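Q: First, the structure itself, so that you have it in front of you.
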Amino acid sequence: MLKPAVILLAVASFTLSACGKPWVKRDQQPQTTHSQYKVLTWNDWNLLGQRSSARIVNDLSAMPDFGISPVVDASASDKRKNEVVSYSSPKPFYVQPGPFDMPFSRAFKRILENELLANGVPVVSSPKGAIVVNYQVQSFFYDDKGYRLPASPESVFGLATAIGIKEYGNWGTLSTIGAGLVATELVRGLIDFGAVTDAEMVLTTSIAHGAELVHQKSEVLYVRPEELSLYMTSLPADRPIRATATGAEEKLPVQTIAIVTQ
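Residue numbers (mature numbering (1 follows the signal peptide of the UniProt record, and there is no 0)): -18 to -1, 1 to 244.
Quick look at the structure:
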């Protein structure tokens, strides 16, 4: 027979999974609530890419230096006459890759590229002469007391070792696929033990124009605790932001060299 705590946890899990934007109360003032998206399917990653790309082009269109202009449908009805349908940009966009060992990061680069293209702006595979879009991913999990802890291979391995689920291994000796499978197994063990009860992911997009940060927006989402390994990396979380080059491109001087053959 299931314990009451297990039944309550199952009911709460079903309630959250039934809605893509559940109501949450964590870290709020008494008697207040706020809404937050929860990632359940691949389509939720696509929707996150849509929201991120929309914020990027909308922010940059308000800055004359970038020359990005909204495009409206002149043939639309009066009700939708001023509705923006796409954007035009004289410069292409380049999405800077995130951590190669994070499955979500590898997928989100392509998703964000697709959504930028859907907004009408050109996208290239090289940062040269392009507007560079950076993104960073941070993931957290909550223990049975509601404390937020950073989700990383090291923290998961360390917690599993501390409570005696599995001996701490050498993460650096594992392949990317092998490490991900081990982390997934350990997270499931921690969930069964009650040491992991919920999880969140923070996605931050940013664009730097020279030394100036001209766009930076973050979105917090719930993720399934069982899928934490999709959002974890063994690389430093605070990755440097790659700036968009400013000014005219300087070309190397061309010199004529005489070649004498005998």
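In this text, a Cβ means the ideal position worked out from N, Cα and C, and glycines have one as well. Since this is a predicted model, take the numbers as computed values, not measurements.
#1: Using the C-alpha atoms, what's the distance from E95 back to Y76?
#2: Can you tell me whether L212 is buried or exposed, with buried defined as 16 or more other CB within 10 angstroms of its CB?
#3: When the Cα atoms are used, what is the spatial distance from L131 to D180?
#4: Where S71 and S51 are concerned, what is the direct C-alpha to C-alpha distance, given to the nearest angstrom?
#5: Between the C-alpha atoms of L22 and M183, what's the straight-line distance to the nearest angstrom?
#6: With A89 as the anchor, note down where its beta strand (DSSP E) starts and where it stops.
#7: Under the rule that 16 or more other beta-carbon atoms within 10 Å means buried, what is I241, buried or exposed?
#8: Any idea what DSSP makes of N152, helix, strand or coil?
#9: Which of the three DSSP states, helix, strand or coil, is assigned to R206?
#10: Quick one: give me the first and last residue of the alpha helix (DSSP H) that Q32 is part of.
#11: For the putative contact between L195 and S34, defined by C-beta atoms under 8 Å, what is the C-beta separation to the nearest angstrom?
#12: Can you tell me where the beta strand (DSSP E) with E182 in it begins and where it stops?
#13: Give the C-beta separation of A224 and N116 to the nearest angstrom, bearing in mind that I take them to be a contact with Cβ-Cβ under 8 Å.
#14: Report, in whole angstroms, the separation of the C-beta atoms of A112 and P74, which I expect to be a contact under 8 Å.
#15: Give the C-beta separation of T215 and V114 to the nearest angstrom, bearing in mind that I take them to be a contact with Cβ-Cβ under 8 Å.
#16: CB E97 to CB N28, shorter than 9 Å?
#17: Check each candidate in P81, V53, S87, Y124 and name the one with the smallest Cα separation from A100.
#18: DSSP on L131, reduced to helix/strand/coil?
#19: Roughly how many angstroms separate the alpha carbons of residue 311 and V205, rounded to a whole number?
#20: By Cβ distance, which residues of its chain are closer than 8 Å to K31, with the 5 residues on each side in sequence left out?
#21: Quick check: the Cα distance between V66 and D83, rounded to an integer number of angstroms?
#22: Who pairs with L217 in a beta bridge, going by DSSP?
#23: Report the three-state DSSP secondary structure of P81 (helix, strand or coil).
A: Walking through what the data contain:
#1: 8 Å
#2: buried
#3: 11 Å
#4: 7 Å
#5: 13 Å
#6: A89 -> not in any beta strand (DSSP E); alpha helix (DSSP H) instead, spanning 85 to 100.
#7: exposed
#8: Below a pLDDT of 50, predicted positions are generally treated as unreliable, and N152, at 49, falls in that range; the measurement from the model is reported next regardless. It is coil, neither helix nor strand.
#9: coil
#10: 24 to 43
#11: Their Cβ separation, rounded to whole angstroms, is 16 Å, which puts L195 and S34 out of contact at 8 Å.
#12: 180 to 191
#13: One detail in the question is off: residue 224 reads as Arg in this sequence, not Ala. Right, their Cβ atoms sit about 6 Å apart.
#14: 5 Å
#15: Contact doesn't hold; Cβ gap of about 20 Å is too wide.
#16: yes
#17: V53
#18: strand
#19: In the structure as shown, the chain begins at -18 and stops at 244. Residue 311 is therefore absent and cannot be evaluated.
#20: Note on residue identity: the sequence assigns Gly, not Lys, to residue 31. Contacts found: F90, I93, L94, N96, E97.
#21: 37 Å
#22: According to DSSP, L217 bridges with nothing at all.
#23: coil
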